[in-house]
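Report on the following structure.
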Amino acid sequence: MGKKHQKVVVLPCSGIGKVFGALARETAYELVENVRPGLATLTCLPLLVINDPEAVALVTENPVITIDGCPKDCAKKSVEALGKVVDKAYEAIKFYKEHKDLKPEGIAEVTDTGRKLAAVAAAEVAKMVDELAAGEEK
Ligand code: SF4
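Residue 1070 in the numbering used here sits at position 73 of the sequence shown, with consecutive numbering throughout.
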């Protein structure tokens, strides 16, 4: 059992113009607003890219889960560029592959079906948030 944490950072990629980028963002919003409010926390990916001190401190001092919209893994790589090992990295397409009845659509934001998939994805990611907050091994 490792150190307990009050915050777990959930970092989606920016994913502009891509449905799985929109799904990654929606999943993170669902976690932070509804599923694990007060525990799961977000920061803005470009803040890491410009080395904003508060954003950098947040991700280096707390466990980090990334959710990327495609194999380019921008969120994961942005964290790794700071010398931080990501605690868990997801690609959003995984959630669709496991729930093919919920096909996400929309690129600026997901449609109702995408929101349902984001809720399913957030429930899965929440288990990882809880484990990391409790200081359990990956
Ligand atoms: S991981 Fe893919 S979808 Fe996400 S910001 Fe990078 S290129 Fe865009």
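Even for Gly, the Cβ is constructed at its ideal location relative to N, Cα and C.
Check whether the Cβ of Gly1012 lies closer than 7 Å to any heavy atom of the ligand SF4, and answer yes or no.
Under cutoff, so the answer is yes.
Status (buried if at least 16 other CB within 10 Å, exposed otherwise) for Cys1010
Label assigned to Cys1010: buried.
What number of angstroms, rounded off, separates the C-alpha of Ile1104 from the C-alpha of Glu1023?
Rounded to the nearest angstrom, the two C-alpha atoms are 11 Å apart.
Among Phe1017, Lys1085, Lys1069, nearest to Pro1060 - alpha-carbon criterion
When each option's Cα is compared against that of Pro1060, the closest is Lys1085.
Using DSSP with H/G/I as helix, E/B as strand and the rest coil, what is Thr1063?
In the structure shown, the three-state DSSP call for Thr1063 is strand.
Assuming Ala1025 is part of the alpha helix (DSSP H), what are its boundary residues?
Counting along the chain, the alpha helix (DSSP H) containing Ala1025 begins and ends at 1016-1027.
Mind checking Lys1159: buried by the 16 CB within 10 Å criterion, or exposed?
The shown model of the chain, from 998 to 1135, leaves out residue 1159, and the question about it has no answer.
Please tell me whether Thr1063 and Tyr1093 are closer than 8 Å, where the distance is taken between their beta carbons.
Taking 8 Å as the Cβ cut-off, Thr1063 and Tyr1093 do not qualify as a contacting pair.
Can you give me the C-alpha to C-alpha distance between Glu1030 and Lys1113, rounded to a whole angstrom?
Each residue's Cα considered, the two are about 15 Å apart.
By the three-class DSSP mapping on this structure, what secondary structure does Val1032 have?
In the structure shown, Val1032 sits in a helix (DSSP, three-state: H, G or I).
Nearest by alpha-carbon distance to Lys1004: which of Ala1021, Thr1057, Ala1116, Leu1036 is it?
Nearest C-alpha to Lys1004: Leu1036.
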